[in-house]
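Trainee:
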Amino acid sequence: MALIKGACRPSPGRPVGRARTKCRFLCFRELKTLDSFDWSFNPHLPKKRLLDLATGRFLTERRDVLLLGPPGVGKSHLVQALGYQVLKHGGTVLYRSVFDVVRDFLHDEAFAGHDKILARYLKPDLLIIDDMGMKQLPKRSGECLFEIILRRYETRSTMMTSNRPLEDWGKLLGDVPSATAILDRFLRHAEIVQITGKSYRLSQSTGAASKGVEEPDGDAEEKPTKASKASRRPAEVANV
Numbered sequence: 001m002a003l004i005k006g007a008c009r010p011s012p013g014r015p016v017g018r019a020r021t022k023c024r025f026l027c028f029r030e031l032k033t034l035d036s037f038d039w040s041f042n043p044h045l046p047k048k049r050l051l052d053l054a055t056g057r058f059l060t061e062r063r064d065v066l067l068l069g070p071p072g073v074g075k076s077h078l079v080q081a082l083g084y085q086v087l088k089h090g091g092t093v094l095y096r097s098v099f100d101v102v103r104d105f106l107h108d109e110a111f112a113g114h115d116k117i118l119a120r121y122l123k124p125d126l127l128i129i130d131d132m133g134m135k136q137l138p139k140r141s142g143e144c145l146f147e148i149i150l151r152r153y154e155t156r157s158t159m160m161t162s163n164r165p166l167e168d169w170g171k172l173l174g175d176v177p178s179a180t181a182i183l184d185r186f187l188r189h190a191e192i193v194q195i196t197g198k199s200y201r202l203s204q205s206t207g208a209a210s211k212g213v214e215e216p217d218g219d220a221e222e223k224p225t226k227a228s229k230a231s232r233r234p235a236e237v238a239n240v
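Each residue of the sequence shown is one higher than the last, beginning at 1 in my numbering.
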């Protein structure tokens, strides 16, 4: 499979900067790597499976990936880090939260831009959809997600994260038939990685409170990093 390098585009309102590796369609919250992940925090992490995903073989095999687990165990960090590995090998990646996906489709459809926004989601070698299950989604969300999954099926890889069991997806989407259809396609060639353990973010907050230190609010699904033990420098991504 031919892989391409291009120029980066950050998500609106998210302070990111220039990455060493040029990348196309990037919308990471921050530039996360596997090296910066604190593997020692959770002994239950399936590290071997995650590092195998970092080789990128799932892309050439057109397989999908689903990371399941409670909030705070590092799912968002891991999928962004795996996406960065794809970029380092010359691939194209688009990272969006499920809320961004639905908002993009509903907004652009109102302005007759359906085909344009769909093309954006079909083009990258790896599409990462994060945060499935954070809260119930708007009406027609199931239709939007199903079209993406159906059109990418067996042609491009999709990676998703969720903190809710699969049987809850119908309720989250407000559309049981669409949820069933999504899971039928997505799971057929998907690798499911179950992550268990306590929340890194909660343990950090508890530790800070016990020391009388106020813990600042962070993004949803903040994850364990080695950088939390040292000074952190924001990642940089160039605007296109």
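Note that beta-carbon positions come from the ideal geometry of N, C-alpha and C, so glycine has one too.
Keep in mind the model is a prediction, meaning the values are calculated, not measured.
Do the stretch 117-126 and the stretch 36-49 touch if we need at least three Cβ pairs shorter than 8 Å?
Mentor: With the cut-off at 8 Å, the stretch 117-126 and the stretch 36-49 do not touch.
Trainee: Among the candidates H189, S97, D35, whose CA atom is the shortest distance from the CA of T243?
Mentor: No information on residue 243 is available, as it lies outside the stretch 1 to 240 that the chain covers here.
Trainee: Q241 by DSSP, collapsed to three states: which one?
Mentor: Nothing can be reported for residue 241: it is not among the residues displayed for the chain, which extend from 1 to 240.
Trainee: Mapping DSSP to helix, strand and coil, what is D168?
Mentor: The answer is helix: DSSP assigns D168 an H, G or I state.
Trainee: Please report how far the alpha carbon of S178 lies from the alpha carbon of L172, in whole angstroms.
Mentor: S178 and L172: Cα-Cα distance of roughly 11 Å.
Trainee: Over the uninterrupted alpha helix (DSSP H) stretch that includes V176, give me the two end residues.
Mentor: First-last of the alpha helix (DSSP H) with V176: 176-186.
Trainee: In whole angstroms, what is the alpha-carbon distance linking L82 and G113?
Mentor: Distance between the alpha carbons of L82 and G113 is about 30 Å.
Trainee: Tell me the DSSP secondary structure of Y200 in three-state form.
Mentor: Y200: helix per DSSP, three-state reduction.
Trainee: Anyone know if the C-beta pair for D125 and V101 falls short of 8 Å?
Mentor: Not a contact, by the Cβ cut-off of 8 Å.
Trainee: Assess contact between the stretch 41-51 and the stretch 192-199, defined as three or more Cβ pairs (one per stretch) separated by less than 8 Å. Is contact present?
Mentor: Touching, per the Cβ criterion.
Trainee: Let's test the definition: count the other Cβ atoms within 10 Å of the Cβ of R14 and tell me whether it reaches 16, buried, or not, exposed.
Mentor: In this prediction, R14 has a pLDDT of 40, which is less than 50 and means its spatial position is unreliable; nothing more can be read from the coordinates.
Trainee: Starting from Y153, trace the alpha helix (DSSP H) in both directions and tell me its first and last residue.
Mentor: It is not in any alpha helix (DSSP H) - Y153 carries neither H nor E in the DSSP assignment.
Trainee: Please say whether W169 and L150 have beta carbons closer to each other than 8 Å?
Mentor: Against a cut-off of 8 Å, the Cβ pair of W169 and L150 comes out as no contact.
Trainee: Just to confirm the assignment, what range does the alpha helix (DSSP H) spanning L59 have?
Mentor: First-last of the alpha helix (DSSP H) with L59: 57-60.
Trainee: Once the 5 residues before and after K32 are set aside, which same chain residues still bring their CB inside 6 Å of it?
Mentor: Excluding sequence neighbours, K32 sits near H77, Q80, A81.
Trainee: Who pairs with I129 in a beta bridge, going by DSSP?
Mentor: DSSP, once it has assigned bridges, lists R96, M160 as partnering I129.
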